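Heads up, the sequence shown is in numbering that gives the first Met the number 0, so the first residue is 0 and it goes up one at a time.
C-beta: ideal position from N, C-alpha, C; glycine also.
As the structure is a computational prediction, the values presented were derived from the model and not from experiment.
Read the structure below first, then the notes.
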Amino acid sequence: MSALPVPPPSWYSLFQNKEESSATIESELIATVVVLIPSHYTCEAVHFSRDGVLVEQDSSTIDPGSTSVFAWLPAVEHESEPITSGHALALTYHVTQAKSTHSRTSSSPSLSQDTFAISELNRIFRSWNSMENSSDGLCKLVYLLDGAYTSDNLALSVLSGEDAQRASALDMLAGTHGLALGFVSVHCCTSGDAVSDEGLSNELEFERLVDAHSGEELAPALEVAAAERIPRDFADAVRNGRRAGEQQDEDEDAIRAAALESYVAWASGTRESTSPPPDRNRTALVVWSRRNHLDVLYGGRAGIERAWAAIEAMVEEPTAQDRALVDFVLARASGEEDTAETCCQAALRWRDLNTWCRVVEVCAASLGLAGVDDETKLRAVEVFGFETIRGTFETMLNAEKHNSTRMAFLQRVDDWLGEPHAATKGRVRDVRRWLKQQRQKALISLRPPSLDEAALLLDAARENGGLSYLREQMLPQLKVCASGEFVLHFAHALHQATSWKQRGKKEALRDILGAGFSAMFARPASDAAERIDAASFALCKDYVETCTRFGHGDLVDDLMKHMAAAAALPGLSIHKGGEFARRVLVPFVNYLAQRTQTGQPTRRSSQFDVLRRSAVDLWRKWVEVSQEQFTEDEIWELIEAAIPSDGNLDVLVSVLAPAVKALKLPGHNFRHLVDALWEFEEPLLYPKDYSGPSFDQIIVSLARRYAQDVPLGDADAITDAVEWVISVDPLLAPAIFDRVLAKSELTASYVKGVLMPVARKLCKEANEEKRRSTLAPLLQGIVAAWVSTIPPSSDQDFLDGWGAVKRWKCQCVRCAEVCTFLADSSLRSKRLWNIGAAKVKHVSRGLSLHAFRLASWETDGTKSRGLKIHKSEGLLRYQFWDREQKDAEEMLRDISDNDAVLQEIIGVQYARMKTALEQGADIDRGIPFSTAKRGTEESYRATKRRRYRY
0 MSALPVPPPS
10 WYSLFQNKEE
20 SSATIESELI
30 ATVVVLIPSH
40 YTCEAVHFSR
50 DGVLVEQDSS
60 TIDPGSTSVF
70 AWLPAVEHES
80 EPITSGHALA
90 LTYHVTQAKS
100 THSRTSSSPS
110 LSQDTFAISE
120 LNRIFRSWNS
130 MENSSDGLCK
140 LVYLLDGAYT
150 SDNLALSVLS
160 GEDAQRASAL
170 DMLAGTHGLA
180 LGFVSVHCCT
190 SGDAVSDEGL
200 SNELEFERLV
210 DAHSGEELAP
220 ALEVAAAERI
230 PRDFADAVRN
240 GRRAGEQQDE
250 DEDAIRAAAL
260 ESYVAWASGT
270 RESTSPPPDR
280 NRTALVVWSR
290 RNHLDVLYGG
300 RAGIERAWAA
310 IEAMVEEPTA
320 QDRALVDFVL
330 ARASGEEDTA
340 ETCCQAALRW
350 RDLNTWCRVV
360 EVCAASLGLA
370 GVDDETKLRA
380 VEVFGFETIR
390 GTFETMLNAE
400 KHNSTRMAFL
410 QRVDDWLGEP
420 HAATKGRVRD
430 VRRWLKQQRQ
440 KALISLRPPS
450 LDEAALLLDA
460 ARENGGLSYL
470 REQMLPQLKV
480 CASGEFVLHF
490 AHALHQATSW
500 KQRGKKEALR
510 DILGAGFSAM
520 FARPASDAAE
530 RIDAASFALC
540 KDYVETCTRF
550 GHGDLVDDLM
560 KHMAAAAALP
570 GLSIHKGGEF
580 ARRVLVPFVN
590 YLAQRTQTGQ
600 PTRRSSQFDV
610 LRRSAVDLWR
620 KWVEVSQEQF
630 TEDEIWELIE
640 AAIPSDGNLD
650 VLVSVLAPAV
660 KALKLPGHNF
670 RHLVDALWEF
680 EEPLLYPKDY
690 SGPSFDQIIV
700 SLARRYAQDV
710 PLGDADAITD
720 AVEWVISVDP
730 LLAPAIFDRV
740 LAKSELTASY
750 VKGVLMPVAR
760 KLCKEANEEK
770 RRSTLAPLLQ
780 GIVAAWVSTI
790 PPSSDQDFLD
800 GWGAVKRWKC
810 QCVRCAEVCT
820 FLADSSLRSK
830 RLWNIGAAKV
840 KHVSRGLSLH
850 AFRLASWETD
860 GTKSRGLKIH
870 KSEGLLRYQF
880 WDREQKDAEE
890 MLRDISDNDA
900 VLQEIIGVQY
910 ARMKTALEQG
920 ADIDRGIPFS
930 TAKRGTEESY
940 RATKRRRYRY
């Protein structure tokens with residue numbers, strides 16, 4: 000309730016106002032107060048309600064020797080049950096405020112209608128409680144309080160102002176909706192590198208959650224998600240010291256910058272104070288549903304660790320809260336080894352078999368045997384008996400993903416049976432029989448083995464029948480569950496083992512290597528791509544070398560069959576297939592071909608040609624739908640795979656050549672293909688009855704794709720592309736010439752900056768007889784484009800304008816500056832600063848009379864007055880003509896000094912170019928002020944006074 004306005008209120012007892020005295024009529028009711036005199040009586044509770052919120056007070060439970068006081072505001076409804084025994088004396092008062100001139104401007108104290116919408120909060124909390132579990136919504140709400148409170152004595156009783164009113168309303172709702180209230184301290188900590196302020200960061204820490212009523216600490220820290228914070232700008236409000244919902248101050252950026260500067264100064268040692276800037280501390284009200292109590296106290300990683308510590312400290316007789324905490328940890332962190340170990344040890348302390356079984360069932364799926372220490376498992380045998388918990392051991396064994404861990408646990412139990420104090424609650428014979436069964440079960444249900452388990456599996460096979468057991472029991476499983484790398488390592492381990500008999504060893508090695516092929520390319524998988532993801536060129540190469548070393552070179556054919564079958568899998572995507580060809584097949588085919596060429600023992604078979612065709616075909620399908628880029632080395636490897644050393648063109652002409660137009664390769668990759676094909680020399684063998692394009696025609700088709708697709712960005716790229724295309728086939732030159740001379744590209748900057756340098760570079764080669772006719776169309780097009788960009792010689796307006804400039808006879812300094820500027824080809828515009836209004840008028844008159852066709856001008860609009868002058872485009876084109884003229888003359892000299900040769904190469908464009916060069920006028924000639932001696936400013940002023948009157 001807010002403070003009472005003046006004048007002070009008056010108290011009237013009800014027995015004095017039974018007949019509605021004039022004092023009551025002339026006053027405004029503020030509140031009702033009931034004073035209970037000490038007495039003995041019994042009755043039901045007194046009920047207070049407002050906006051659906053109910054509060055009950057049983058006055059009979061109050062000490063009979065004390066005086067009690069009830070008070071409520073007018074908006075509160077109340078109802079008192081009758082007294083059932085004894086008697087009670089109560090004094091009832093109306094607290095009123097007399098009406099006066101001052102009170103008309105003051106409002107009476109009342110419950111706020113806007114701060115908290117009670118009915119809306121009721122609806123929200125009912126919806127919150129209707130959720131089945133905390134994962135469906137927010138676990139808690141954290142509301143930032145306005146006041147500053149110390150963390151030592153946080154409780155509802157220390158709040159003040161609006162904080163107290165809000166907390167009181169929530170406390171009333173808490174009882175109805177099963178909510179809990181608490182307080183948490185919020186700290187905004189600045190951290191980072193002081194050298195660069197960009198590295199600084201502000202983090203919020205929520206510490207010491209306490210109960211709102213008792214102030215008892217519930218948790219040392221609290222994890223709060225961004226969605227659980229109120230207001231929305233929670234972090235900014237804490238950082239900048241704003242109240243919840245308060246708008247940002249205009250100077251907040253300056254305040255933040257000052258705080259940041261203070262932190263940097265302290266951290267870098269330039270600040271006198273040795274203590275860091277104080278962190279911003281606030282207090283927040285926490286509201287949560289009691290069904291989420293454990294989520295609030297033990298949420299997050301730090302909370303789970305506190306829960307583990309709490310479970311470890313539990314006594315032998317667990318309470319309902321202890322069991323609830325175990326269930327919470329199992330639900331939130333069942334995949335943690337500490338969870339399984341901690342909860343299982345608690346079950347042993349409690350001697351609770353149900354808890355032990357539930358923990359194993361929940362945790363074994365993800366942890367297997369690793370969740371519970373072996374010693375803890377053996378102690379469980381002593382506490383519960385082996386027959387009682389053997390099912391939990393089998394659950395962990397079945398869930399374990401490592402063969403070595405399963406075998407090690409079974410061996411540990413076997414060793415434990417030999418200890419004198421073991422098996423007090425189970426017969427040794429039964430346990431050993433169970434161990435034998437579990438070992439056999441582990442060997443017939445192998446998990447995907449790791450490389451370090453090869454020796455373990457070899458020992459197990461030797462103990463259970465040797466090579467026959469290995470070939471009949473283990474290898475079928477390894478084909479399915481093992482990787483190709485493990486099987487190869489397994490074969491080497493058997494080959495090096497000295498404890499095995501040599502008889503039958505070679506055949507066993509053959510079977511193992513065959514199983515490795517299946518493990519790489521034929522293992523069951525839901526997706527075809529998974530079969531080839533684990534395959535690599537290096538592994539296939541190692542298999543070939545191992546087969547050769549062990550005397551099983553014929554197995555290379557089997558390996559190629561498996562690889563070809565994998566390439567033809569129906570579920571293999573085009574992208575995956577192309578990557579498989581690029582990464583494995585093409586390098587492997589070239590490796591086999593190289594072994595054959597170098598005389599290494601490799602049996603050549605028809606399967607090699609099948610694999611070669613599959614590799615090129617997968618690559619071709621890939622680049623038809625996806626624009627991939629390849630290095631030059633990768634392109635060369637592809638061509639080497641397509642054309643073997645004997646020159647057989649079967650794969651090239653049947654797979655690659657028909658798809659040249661469909662390939663989506665970058666332009667430079669087509670050039671790499673042509674360069675690679677050029678390296679193959681005769682004889683080249685075509686398929687029987689082949690009638691398609693020849694080898695040279697295939698090269699020309701690839702070069703045409705290059706001419707059509709290669710980027711032509713600058714002069715160097717164009718020159719290089721043109722020379723390469725001509726070197727392949729001069730008949731392809733028009734394809735790239737048309738792109739170079741495209742009309743959409745023929746701007747003045749493109750002609751001068753790109754085409755002219757191209758022409759000069761190509762002209763150095765054009766004097767060779769064999770290239771003249773080839774380059775002539777391109778040079779003619781460049782000359783024609785250049786001629787179209789030069790200024791027309793018959794521009795009569797420009798010539799008349801230039802003649803007018805020559806008639807500008809004024810000798811003043813400013814006019815001389817303007818004429819010199821017009822004659823200078825290096826300048827586009829000029830500005831005359833602070834020349835005054837009279838001079839602006841004088842120069843403007845001269846420009847209007849003598850240079851209106853060659854320039855435009857404007858005043859700068861300042862008080863001191865100035866003038867801005869800009870040359871016209873026609874004048875600029877003529878002034879740049881001298882430079883263009885030199886470039887054109889150098890280009891002609893690069894071609895030839897002979898007019899007949901130039902006429903032959905450039906054709907009709909040579910006459911146009913020569914005419915343009917001969918008609919180009921030197922516009923700098925005849926400028927009267929280009930070398931004129933300027934007068935001084937004083938003489939200019941004197942001349943102006945004598946000759947002009949404005």
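Whole-number beta carbon distance between residue j and residue i, since they are thought to touch under 8 Å
i      : j      : result
Ala706 : Val786 : Contact doesn't hold; Cβ gap of about 26 Å is too wide.
Ser48  : Glu80  : Their Cβ separation, rounded to whole angstroms, is 14 Å, which puts Ser48 and Glu80 out of contact at 8 Å.
Arg442 : Thr404 : Looking at the sequence provided, one finds Leu at residue 442 rather than Arg. Incorrect: roughly 14 Å between the Cβ atoms, too far for contact.
Leu434 : Asp413 : 6 Å
Thr394 : Glu360 : 7 Å
His86  : Ser38  : 6 Å
Leu821 : Leu853 : 6 Å
Ala70  : Ala30  : 6 Å
Inter-residue Cα distance where the pair is residue i and residue j
i      : j      : result
Val817 : Ser748 : 28 Å
Val358 : Ser625 : 52 Å
Thr282 : Arg348 : 41 Å
His186 : Val68  : 40 Å
Ala614 : Val585 : 6 Å
Ser482 : Asp532 : 11 Å
Glu311 : Asp458 : 41 Å
Asp556 : Ala640 : 17 Å
Cys809 : Gly845 : 8 Å
Ala784 : Pro776 : 12 Å
Trp819 : Gln884 : Correcting the residue identity first, residue 819 is Thr in this sequence and not Trp. Thr819 and Gln884: Cα-Cα distance of roughly 23 Å.
Leu169 : Val237 : 22 Å
Ala308 : Thr391 : 25 Å
Arg726 : Thr718 : For the sequence presented, residue 726 should be read as Ser rather than Arg. Near 12 Å, if we compare the C-alpha coordinates of Thr718 and Ser726.
Val609 : Lys560 : 9 Å
Lys500 : Arg470 : 15 Å
Glu418 : Trp355 : 24 Å
Met171 : Leu324 : 28 Å
Leu396 : Leu455 : 17 Å
Ala460 : Ser467 : 9 Å
Asp250 : Ser150 : The pLDDT assigned to Asp250 is 48, lower than 50, so where the model puts this residue is not dependable, and the model offers no usable value.
Ala836 : Gln878 : 31 Å
Asp145 : Ala226 : 20 Å
Assigned secondary structure, residue i (DSSP; H/G/I helix, E/B strand, else coil)
i      : result
Gly181 : strand
Gln410 : helix
His292 : helix
Phe679 : coil
Gly802 : helix
Thr858 : strand
Phe879 : coil
Asp145 : coil
Glu418 : coil
Val92  : This sequence places Tyr at residue 92; Val is not what is there. Strand.
Phe607 : helix
Leu848 : helix
Glu889 : helix
Exercise. Quick one: any contact between the stretch 545-553 and the stretch 494-509, if contact means 3 or more CB pairs under 8 Å?
Worked result: yes
For this session: Could you tell me whether the stretch 337-355 touches the stretch 368-379, using the rule of 3 or more Cβ pairs below 8 Å?
Result: yes
Problem set entry | the stretch 586-594 / the stretch 616-630 touching (three or more Cβ pairs under 8 Å) | no
Exercise. Enumerated in chain order, which unbroken segments of the alpha helix (DSSP H) with a length of 4 residues or greater are wholly contained in the stretch 551-584?
Worked result: 554-566, 573-579
Exercise. Going along the chain, which unbroken runs of the alpha helix (DSSP H) with 4 or more residues stay wholly within the stretch 427-506?
Worked result: 427-442, 453-462, 474-480, 483-495
Exercise. Which whole runs of the beta strand (DSSP E) in the stretch 339-403 are 3 residues long or more, in chain order?
Worked result: none
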